[in-house]
Amino acid sequence: MQPPQLVTTTGHHGGLCHGLLPFSPPRSMVDFLRLSAGTWLSVRSVHHFDFSPDQSGESNLIITLLEQEDETVQRVCAQQQVPGSAATIGARFQWQGNHRQGPADERYGAVLVDLPGPGQGCGRLVRDVGYVEATPVISPYRFDEDGLLTIHTVYDRNIGSERCWFLNEDVRVRVGTVQLMDGPNLVSYATETRCTPLEDLEQVRRAAQGRCE
Numbered sequence: 199m200q201p202p203q204l205v206t207t208t209g210h211h212g213g214l215c216h217g218l219l220p221f222s223p224p225r226s227m228v229d230f231l232r233l234s235a236g237t238w239l240s241v242r243s244v245h246h247f248d249f250s251p252d253q254s255g256e257s258n259l260i261i262t263l264l265e266q267e268d269e270t271v272q273r274v275c276a277q278q279q280v281p282g283s284a285a286t287i288g289a290r291f292q293w294q295g296n297h298r299q300g301p302a303d304e305r306y307g308a309v310l311v312d313l314p315g316p317g318q319g320c321g322r323l324v325r326d327v328g329y330v331e332a333t334p335v336i337s338p339y340r341f342d343e344d345g346l347l348t349i350h351t352v353y354d355r356n357i358g359s360e361r362c363w364f365l366n367e368d369v370r371v372r373v374g375t376v377q378l379m380d381g382p383n384l385v386s387y388a389t390e391t392r393c394t395p396l397e398d399l400e401q402v403r404r405a406a407q408g409r410c411e
């Protein structure tokens with residue numbers, strides 16, 4: 199990650215102003231997924247409108263990029279009878295208990311593929327397993343000017359809506375709702391913080407140890 203840059207600009211009264219270059223959030227799905235790649239600590243709060251078990255808690259969200267030519271991307275497109283050439287990028291999302299060691303369980307994951315639309319900042323996401331119902335779905339999405347991503351999904355029995363945005367390169371927020379025929383069924387909120395790879399932590403440890411010797 200690049201450090202913030204000190205910039206000089208002209209203020210309202212013509213004087214020079216010094217400050218840090220502000221964070222510019224992604225406004226396309228390609229940029230959004232590339233910035234999302236990595237492991238995140240997801241702290242989630244869930245409010246059910248029925249008596250379902252509480253799903254609040256913490257977990258690791260592992261996001262792996264898949265390029266357009268990846269066979270997994272092509273398989274997901276074929277599953278929905280979409281030409282693989284229409285895809286730009288894909289990503290594998292996997293959830294894992296934050297105290298669990300080893301690879302993530304493939305049963306708790308999904309693959310998303312981006313199909314950009316004709317307009318700027320909009321398109322469709324092809325998903326091999328839905329978030330609300332475990333069926334393949336296609337979800338329209340759009341980015342607002344401030345980088346807010348909205349995804350809308352219509353299932354057989356539910357309607358899901360999710361909004362996600364970055365506060366900076368290492369913190370993002372997700373808010374989701376699920377609607378049934380008779381009204382709202384679920385509201386969720388998650389704050390996700392990027393986890394530093396173990397390899398980077400080891401480099402920091404070795405550097406600190408070297409300075410002490």
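Convert by adding 198 to the 1-based position in the sequence shown; the result is the number in the numbering used here.
Cβ coordinates follow ideal geometry from the N, Cα and C atoms, glycine included.
- The shortest CA-to-CA distance from Thr-348 to any of Phe-364, Gly-255, Arg-355 is the one to Phe-364.
- Judged by beta-carbon spacing, Ile-336 lies within the 8 Å limit of Arg-322, meaning their Cβ atoms are closer than that value.
- DSSP, read as helix, strand or coil, puts Leu-231 in helix.
- Runs of the alpha helix (DSSP H) lying entirely within the region 229–285 and spanning at least 4 residues, in chain order: 269–277.
- The shortest C-alpha to C-alpha distance from Val-244 to any of Ser-386, Glu-390, Glu-397, Gln-407 is the one to Ser-386.
- Listed in chain order, the non-local C-beta contacts of Leu-233 below 7 Å within the same chain comprise Pro-224, Phe-364, Glu-367, local neighbours out to five positions each way being set aside.
- Going by DSSP, Cys-410 is part of the alpha helix (DSSP H) stretching over 396–410.
- Here the alpha carbon of Gln-279 sits roughly 56 Å from the alpha carbon of Gly-408.
- The beta carbon of Arg-372 sits closer than 6 Å to those of Cys-362, Ala-388, all from its chain and outside the five residues before and after it, given in chain order.
- Close CB contacts of Ser-240 within its chain, under the 6 Å cut and outside five residues either way in sequence, are with Ser-257, Leu-259, Ala-388, Glu-390 (chain order).
- When the Cα atoms are used, Gln-294 and Val-327 turn out to be separated by approximately 17 Å.
- In the displayed model, Ala-388 falls within a strand according to three-state DSSP.
- Shown here, Pro-224 sits in coil according to DSSP, grouped into three states, outside any helix or strand.
- For Ala-332, the closest alpha carbon among the candidates Arg-340, Arg-273, Thr-394, Tyr-353 is that of Tyr-353.
- Counting only residues of its own chain and dropping the five nearest sequence neighbours on each side, Thr-351 has a CB closer than 6 Å to the CB of Val-335, Ser-337, Gly-358.
- Contact annotation: Asn-383 and Phe-247 have beta-carbon atoms nearer than 8 Å.
- Residue pairing by DSSP places Val-376 opposite Gly-358, Leu-384 in a beta bridge.
- Between Arg-290 and the set Leu-346, Val-271, Pro-281, the nearest pair of CA atoms involves Val-271.
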